[in-house]
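Single-structure report; data block below.
Okay, structure coming up:
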């Protein structure tokens with residue numbers, strides 16, 4: 100694995116917010132059927148659904164690599180996947196996301212840093228995905244933190 104500071108080019112792609120996925124996630128979470136719950140008439144189906152908060156975390160599936168960015172670094176030999184931990188997932192919403200939206204996504208490696216511990220060195224990778232309307236208005240940012248136990252430093 101590389102000891103130098105890792106780099107990864109920014110990735111840009113579009114992310115369609117699909118009505119069926121919004122409904123599917125809500126039902127999987129045992130929410131009442133959102134397609135029917137928005138009308139007093141049981142035969143009326145809502146044409147627009149709110150997007151589940153977790154949906155942007157899956158946006159990488161629409162990117163050109165179809166994998167999270169940490170996997171791209173692993174495939175390039177920069178990190179060892181067997182030494183990785185999920186360190187956190189942070190969402191910031193600036194406006195609601197709803198079915199029918201198409202968002203422009205920019206995904207990038209925003210920061211890397213090392214921390215020394217009694218067990219060795221941990222390398223932190225922070226990735227940021229910025230979601231914007233096609234007019235450029237910021238809708239949401241998702242920050243993902245991955246942690247790698249550095250090889251040969253297990254203590």
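In this note's numbering, the protein residues as written are 100 to 254. For glycine and all other residues, C-beta sits at the position ideal for the given N, C-alpha and C.
Check whether residue 247 and residue 178 have beta carbons under 9 Å apart: Against a cut-off of 9 Å, the Cβ pair of residue 178 and residue 247 comes out as a contact.
Does the distance from the C-beta atom of residue 116 to that of residue 234 stay below 9 Å? Against a cut-off of 9 Å, the Cβ pair of residue 234 and residue 116 comes out as no contact.
Do residue 240 and residue 230 come within 9 Å of each other at the CB atom, strictly closer than that value? The answer is yes: Cβ separation under 9 Å.
CA-CA distance, residue 250 and residue 175? Straight across, the Cα-Cα distance linking residue 250 with residue 175 is about 16 Å.
For the alpha helix (DSSP H) containing residue 121, list its first residue and its last residue. From DSSP, the alpha helix (DSSP H) with residue 121 extends over 118 to 127.
Just reading off the alpha helix (DSSP H) that residue 172 is part of, what are its end residues? Unbroken alpha helix (DSSP H) run through residue 172: 168 to 174.
Pairing CB atoms from the region 143 to 162 with CB atoms from the region 189 to 196, are three or more of them under 8 Å? Yes, the region 143 to 162 is in contact with the region 189 to 196.
Pick out whichever of 105, 210, 245 and 114 has its Cα sitting closest to the Cα of residue 181. The shortest CA-to-CA distance from residue 181 to any of 105, 210, 245 and 114 is the one to 245.
Taking just the CA atoms, how far does residue 216 sit from residue 253? Confidence at residue 253 is low in this model, with a pLDDT of 49, below 50, so the placement of that residue should be treated as unreliable; the coordinate-derived value is given next. The alpha-carbon separation between residue 253 and residue 216 amounts to approximately 10 Å.
Output the distance between the C-alpha atoms of residue 213 and residue 166, rounded to the nearest integer angstrom. If you take the alpha carbons of residue 213 and residue 166, they lie about 24 Å apart.
Please state whether the Cβ-Cβ distance between residue 225 and residue 209 is less than 9 Å. In this structure, residue 209 lies closer than 9 Å to residue 225 by Cβ.
Determine which residues share a DSSP beta bridge with residue 218 and list them. Beta-bridge pairing links residue 218 to no other residue.
What is the C-beta distance between residue 112 and residue 162, in whole angstroms, given that I count them as a contact (C-beta under 8 Å)? Confirmed, Cβ separation roughly 5 Å.
Who pairs with residue 212 in a beta bridge, going by DSSP? Per DSSP, 223.
Quick one: is residue 106 buried, meaning 16 or more other Cβ sit within 10 Å of its Cβ, or exposed? With fewer than 16 other Cβ atoms inside 10 Å of its own Cβ, residue 106 counts as exposed.
Residue range of the unbroken beta strand (DSSP E) whose run includes residue 246: Where residue 246 is concerned, the enclosing beta strand (DSSP E) stretches over 237 to 248.
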